[in-house]
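What follows is a single structure, written as structure tokens, with notes after it.
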Amino acid sequence: MEVITRGVIAGPHGPAYARAMTTTGLSQRPVGQLLRRWREHRRLSQLDLAIQADISARHLSFLETGRSNPSREMVLLLAEHLTLSLRERNRLLLAAGFAPVFTEQALDAPGMRAVHRAIRQILTGHDPYPAAVVDGRWNLVDGNTGLGLLTRLVSPRLLAAPVNVLRASLHPEGLAPHIVNFGEWRAHLLGRLRRQIAVTADPHLEALDQELRAYPCDQPEPEVESPGPGEIMVPLRLRHEGGELAFFSVIATFGTPLDVTVAELAIESFYPADEATSEALREIAAAPGHPPS
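Throughout the sequence shown, residue numbering follows full-length UniProt numbering, covering 1 to 293 in sequence.
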């Protein structure tokens, strides 16, 4: 199956994910409640945050209770010290009655041409090894020809737009049956997701996490990642035509983004973890009928 490649590909969402998409209601909260929610999520006292932002704890208390209204500059200052995403900073500004300051453009918008060209250059340059671009909720945005090595193992129904790469990886009709070290890889992916949730508090990701954890796993899942002999990172080991392919991945993000879309993009590139995998991929790429990169 040829996958990809430009534009969003997607897959069916579980019911918990769908509910989260429509019931968060966060943008309807007053700015003071949002500030307090994020401060508590970061496990900061009012005094802690006030010291960091160089304001008085009394003033911060008045902002959180609605007795005072923050200026646009104060919203951005507190958001900076709360290390909020650009999306959440826009949400705080809207709740305070200000216009968002960070754009959110589609990847194919005229203003994103340089970004789109850079992504395509990275993806095509990485062939024949798999590479994918995902957004902040793990939906597939783009991918290269090499990614077909993985998507060919996934049920077509999981490749209906929008494709969620975590779902496609861990679903029983996805990559899961083909992953030799499934328990280890599943624990690795779910650990990454939980760390992301700890930072973002995104209810969409919370619902996705609940869905993924309900999928079956017939292997032990380590609570702590521990390398085997000679390993320097967790590999993805795939059964392939009677053999085994081993990969490690490198994740790249854009530096100093000022657009919500750009800030949430990540490029995950898979590299052979051993010489046997390198040779197998070269043979696959050279085989007659293989799509050109």
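By construction, the Cβ of each residue, glycine as well, lies at the ideal position given by its N, Cα and C atoms.
What residue does the beta strand (DSSP E) around residue i start on, and which one ends it?
i, result
"residue 240", "236 to 240"
"residue 245", "243 to 252"
"residue 209", "Per DSSP, residue 209 belongs to no beta strand (DSSP E); it is in the alpha helix (DSSP H), 203 to 213."
"residue 66", "No beta strand (DSSP E) holds residue 66; DSSP gives it neither H nor E."
"residue 143", "140 to 143"
Hey, residue i and residue j are a contact pair by Cβ (cut 8 Å); roughly how many whole angstroms apart?
i, j, result
"residue 122", "residue 267", "6 Å"
"residue 115", "residue 262", "6 Å"
"residue 269", "residue 131", "4 Å"
"residue 75", "residue 92", "5 Å"
"residue 163", "residue 140", "4 Å"
"residue 197", "residue 205", "5 Å"
Between which two residues does the alpha helix (DSSP H) containing residue i stretch?
i, result
"residue 191", "182 to 200"
"residue 115", "113 to 126"
"residue 264", "260 to 264"
"residue 132", "No alpha helix (DSSP H) contains residue 132, which is instead part of the beta strand (DSSP E) from 131 to 134."
"residue 29", "From DSSP, residue 29 is part of no alpha helix (DSSP H); its letter is neither H nor E."
"residue 279", "275 to 286"
"residue 48", "46 to 53"
"residue 168", "165 to 170"
"residue 151", "148 to 151"
"residue 89", "86 to 95"
"residue 107", "Counting along the chain, residue 107 falls outside any alpha helix (DSSP H), and DSSP gives it neither H nor E."
"residue 72", "72 to 81"
Can the beta-carbon of residue i be found closer than 8 Å to that of residue j?
i, j, result
"residue 35", "residue 63", "yes"
"residue 215", "residue 175", "no"
"residue 243", "residue 287", "no"
"residue 119", "residue 134", "no"
"residue 77", "residue 53", "yes"
"residue 39", "residue 49", "yes"
"residue 255", "residue 217", "no"
"residue 138", "residue 159", "no"
Beta carbon of residue i: closer than 7 Å to some heavy atom of the ligand PLP?
i, result
"residue 245", "With respect to the ligand PLP, the structure offers nothing, as it holds no ligand at all."
Just the C-alpha distance for residue i and residue j, rounded to the nearest angstrom, thanks.
i, j, result
"residue 235", "residue 211", "24 Å"
"residue 233", "residue 41", "30 Å"
"residue 58", "residue 98", "23 Å"
"residue 32", "residue 208", "28 Å"
"residue 273", "residue 127", "16 Å"
"residue 51", "residue 94", "25 Å"
"residue 96", "residue 124", "43 Å"
"residue 149", "residue 258", "34 Å"
"residue 25", "residue 285", "Low local confidence applies: a pLDDT of 46 at residue 25 is under 50, so the model's placement there is unreliable, with the coordinate-based value given in what follows. Those two C-alpha atoms are separated by around 48 Å."
"residue 72", "residue 80", "12 Å"
"residue 271", "residue 177", "21 Å"
"residue 275", "residue 147", "19 Å"
"residue 203", "residue 194", "12 Å"
"residue 65", "residue 103", "29 Å"
"residue 69", "residue 249", "46 Å"
"residue 168", "residue 161", "12 Å"
"residue 237", "residue 111", "39 Å"
"residue 56", "residue 47", "8 Å"
"residue 219", "residue 192", "19 Å"
"residue 113", "residue 283", "34 Å"
"residue 157", "residue 213", "20 Å"
Relative to the alpha-carbon of residue i, which residue among the options has its alpha-carbon at the smallest distance?
i, options, result
"residue 145", "135, 138, 129 and 154", "129"
"residue 188", "155, 223 and 165", "223"
"residue 185", "246, 206 and 54", "246"
"residue 200", "50, 32 and 85", "85"
"residue 107", "101, 100 and 117", "117"
"residue 30", "253, 55 and 67", "67"
"residue 221", "203, 180, 249 and 197", "180"
"residue 152", "137, 173, 87 and 166", "173"
"residue 277", "203, 257, 240 and 193", "240"
"residue 101", "88, 182 and 148", "88"
"residue 83", "72, 43, 71 and 105", "43"
"residue 313", "284, 275 and 265", "Only positions 1 to 293 of the chain appear in the structure, and residue 313 is not among them; the question remains open."
"residue 28", "90, 55, 79 and 73", "90"
"residue 253", "136, 113, 168 and 192", "136"
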